[in-house]
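Residue numbers (our numbering): 2 to 1100.
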């Protein structure tokens, strides 16, 4: 198969010989064809140097994906082109990667640096696609990279990229829920966005991550209401559902007074005047005291802005507005949704099904709303069965004295249908109408009796069941119907119908005293062949007739009970025993027999035929939970109305006054710029214009950056960015790649003056070495305005005060001070030549000495004697039990002392005790079974260990920075024992002394994937400083690093085998919570160490 022919075949054409096309569709019959080369032409095109061939190949691959064909085997060939310079090829490559990144995670991880570069691309579509691919790789190891990318994208100039960042937030949250606090900060920032493109996506992220954080919506409530009309359709659905829940917590019930009046009226109607008189007076007094309801302006704003969406072309939007009005609007205004819902019933059957489910629920409480549209619910012959049943439900709910004749005429027609399920549902609907409307009860009953002569057995059976329920209301007046139904026992074979007839005859046997015994005689003949439900009713009939007509039915009843005694079904056997003891008692027993008549012949209340949709309104309409009538995963309960209205001032947004405007013309230009951006689908210079208009809109909303001086300054910064960018490119060429990865974005020498002028911006800006200058300025401006807005919110409401997470505090660079010595200046500003972390010597450095000169340390945490505990306080582990060792017991511990023969080995102190009555000789180690790389330095052989004596030796083990057990044989002169020593991860390291600045510097190199952070609730008394330090050092062999903060503890060590640095930070917070962060290039050690420290602190 040549390349050219493969190319033609893949294009979809047939060959010149007219052969069928093989290897494309599994159902095409080409199962045995050799299709292993079917993508070779595409791979060759992707490997070519011509962009046109690559573009053609990518178009064909994306077309294959669109047709549902599997293109995953092309992943290696496609992922190589992710760095292609052609924008069109790059877009299609990202489309492919989004589809297959989750399946081919290992290959996608290899290109992660390319995706990170794509986040800095000048084209907004490439930036968004790169973030989309990055968030599609479901690997926990890249969570820090994803978090950093989302934070940068949230400050992007393009609203399309910010929208993509909002979409990535739920993906990251599902991958690592521990990132919730940081994601909430990003959501809070994006909620303040003025662009309609972002609004729906960020609300969706809010609903997925933190739906309980209603306080984030307060300041953005009015903005969301006003933007709602212009948001895309699916964004409208999400926002409306969220605002429905928000309004139920923030506003009063507009129908509260009406509901109270309705309840009091019902009580007055059903209850007696004497009993209910006092309660009526009390309720009337409550109504008088209650203030007249005045709708909150924000409540009215929501209703007013959602009403036009009832005319939307999207059925989901109309349904969302309908449920909002049903749950929030005053009773007089709910009627506007009826016409829109009826319009949706002309749509597809799937849409009809969902709409009718909700209409059925609404029509129970708001019947008058749909009465004008009664004919719209008439059933067509082309409707599916489920639609027919739902329309029947709605018609039954809408039935009243005025329209019942019309509805019953419709029902008569429906009974002639060929759809048996539909006919059964119609008969049940007739029964419900007869129950609810007393005037037509007799008419319905007569009509149902006529159906008993129907040829169809299912129709007759359903009629019997419904008649049984209706007869319970007036049994004395309808004894003829009971006689007529008794004759049907010979013909009807449906078990439920036979059981219903037998129950009726047994319950009202006094109305048919001659027929009832005969029916029991017939049933006794066929007892063994009946269904279980019928057998139970035969037993009940026998018991009732035995109690009321003993002469005629005594023998029959005993015969039936004997048959039931040996039935296969244990329920029937148990029922027979129970009834026999109750109605035919023995001489000794019979205590309950005198109450038998009361038990069997008690008056039963008539059944109430209710709609299955009666109690569904506690679920939010339009939700999956309402559709299924069961709580679905992720469903948010609709809150109850508050008793008292919460403070409405929380939704007020303070607009800052314009201060000291240097030029009014610039301000006018700002004000005259359009509200919506035109750059949603473009890139390049239009994005910067969009970002400027957005910054202006943010300043108008009260973000705190509204002064024109700051705006002019930011403009001048953006104008000068080209010149500074050129200078930076020159300097960046000289700096090695390691500096960019470590995050040192600060330059030395010529840029120091510029840094001092922008000191405030640097404090709020996360460092990123590979970002372009324009994006750095935009991110600093947005973060500055965000921080200022937070300070304003804290002045207005102290409850909303936010704290920076520990990871941000660690990543900040220390401010350069003039008092520090030149050595520290060099450490801070000059990047190191190699990216690898060099292990720090145990000798105290010069910089540490200078740092310690002015400090008075009360806690001698740095001295090695305090860190390495005594032998008595070290945890002992059992190596060989005295029973297993035949009197020889062996225990070991990790002494945390250096092992002098080899510094890379862990010193293990082993204690031998001879508990036997004989000597133990030649104690030694043999047959060491170790993992690759492990080594054991054995102890000298113990020649003799006398009875009752003990000996202590030290051995060295190189665990290779692993917690795998070291297995070996412990031998004596008579026996050998297989034993193993497994180290805790905290014993694989040795303390390292360093200064605070050195700690911060090394920690800066170990960010991202090398950082593991966890939160914990401290145990009682564990929040005291020395207790935290003691528990951490007991869990791991760490040394304390000096720190200026009372709430922060730092520890350092390095692994014995490889010398990898291990940095531990514990930050205590309010309410006995703490955050533990471990920075180590060996991620397995870091993860296990975090768990051990958490366990030590929590106990």
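All residues carry an ideal CB built from backbone N, CA and C; glycine is no exception.
Residue i: first and last residue of the uninterrupted alpha helix (DSSP H) it sits in
| i | result |
| --- | --- |
| residue 57 | 52–67 |
| residue 321 | 316–329 |
| residue 434 | 421–437 |
| residue 579 | 571–584 |
| residue 510 | No alpha helix (DSSP H) contains residue 510, which DSSP labels as neither H nor E. |
| residue 520 | 516–526 |
| residue 85 | Counting along the chain, residue 85 falls outside any alpha helix (DSSP H), and DSSP gives it neither H nor E. |
| residue 593 | That residue, residue 593, is in no alpha helix (DSSP H); it is neither H nor E in DSSP. |
| residue 76 | 76–80 |
| residue 406 | 405–415 |
| residue 485 | 480–488 |
| residue 293 | No alpha helix (DSSP H) contains residue 293, which DSSP labels as neither H nor E. |
| residue 300 | 298–307 |
Boundaries (first-last residue) of the beta strand (DSSP E) holding residue i
| i | result |
| --- | --- |
| residue 1016 | 1012–1018 |
| residue 943 | 943–946 |
| residue 972 | 967–972 |
| residue 1101 | Coverage of the chain is limited to positions 2 through 1100, which leaves residue 1101 absent and any answer about it impossible. |
| residue 927 | 921–930 |
| residue 893 | 889–895 |
Three-state secondary structure assigned by DSSP to residue i
| i | result |
| --- | --- |
| residue 959 | strand |
| residue 1089 | helix |
| residue 909 | strand |
| residue 149 | helix |
| residue 141 | helix |
| residue 550 | coil |
| residue 876 | coil |
| residue 1081 | strand |
| residue 604 | coil |
| residue 312 | helix |
| residue 622 | coil |
| residue 254 | coil |
| residue 936 | strand |
| residue 881 | strand |
| residue 898 | coil |
| residue 12 | Confidence at residue 12 is low in this model, with a pLDDT of 40, below 50, so the placement of that residue is unreliable and no value is reported for it. |
| residue 106 | helix |
| residue 563 | helix |
| residue 1076 | strand |
| residue 1067 | strand |
| residue 953 | strand |
| residue 917 | coil |
| residue 119 | helix |
| residue 470 | helix |
Integer-rounded CB distance, given that residue j should sit under 8 Å from residue i
| i | j | result |
| --- | --- | --- |
| residue 1039 | residue 1067 | In fact, because the Cβ distance is near 11 Å, the residues do not count as touching under 8 Å. |
| residue 986 | residue 964 | 6 Å |
| residue 1110 | residue 988 | Any question about residue 1110 goes unanswered here, given that the chain covers just 2 to 1100. |
| residue 956 | residue 911 | 6 Å |
| residue 116 | residue 134 | 6 Å |
| residue 906 | residue 1011 | Contact doesn't hold; Cβ gap of about 25 Å is too wide. |
| residue 124 | residue 88 | 6 Å |
| residue 348 | residue 316 | 6 Å |
| residue 1018 | residue 1048 | Actually they are not in contact, since the Cβ atoms of residue 1018 and residue 1048 sit about 16 Å apart, beyond 8 Å. |
Proximity test, residue i beta-carbon vs the ligand SAH heavy atom, cut-off 7 Å
| i | result |
| --- | --- |
| residue 403 | Ligands displayed in this structure: none; no statement on the ligand SAH is therefore possible. |
CB contact check: residue i to chain C, cutoff 8 Å
| i | result |
| --- | --- |
| residue 514 | As a matter of chain content, chain C is missing from the structure shown, which is built from one protein chain. |
Legend entry - Stretch pair the region 448–465 + the region 418–433: three plus CB contacts closer than 8 Å: Between the region 448–465 and the region 418–433, the count of C-beta pairs closer than 8 Å reaches three or more; the two stretches touch.
Legend entry - Sequence ranges, alpha helix (DSSP H) only - wholly within the region 978–1064, length at least 4: The region 978–1064 contains these whole alpha helix (DSSP H) runs: 997–1006 and 1026–1036.
Inset, instruction - Evaluate the contact criterion for the region 467–476 versus the region 605–619: three or more CB pairs, one atom per stretch, below 8 Å. - result: Touching, yes.
Inset, instruction - Check whether the region 633–640 touches the region 197–205, counting contact only when three or more Cβ pairs, one atom from each stretch, lie closer than 8 Å. - result: Result no; under three Cβ-Cβ pairs closer than 8 Å.
Legend entry - Every unbroken alpha helix (DSSP H) within the region 175–250, with a cutoff of 4 residues, ordered by chain: If we require 4 residues or more, the alpha helix (DSSP H) runs fully inside the region 175–250 come out as 181–192, 197–210 and 222–228.
Legend entry - the region 930–939 touching the region 956–976, judged by at least three CB pairs closer than 8 Å: Inter-segment contact for the region 930–939 and the region 956–976 is present: three or more beta-carbon pairs are separated by less than 8 Å.
Legend entry - Segment contact, 8 Å Cβ cut-off, at least three pairs: the region 162–176 with the region 131–149: Touching, yes, given that three or more Cβ pairs across the two stretches are closer than 8 Å.
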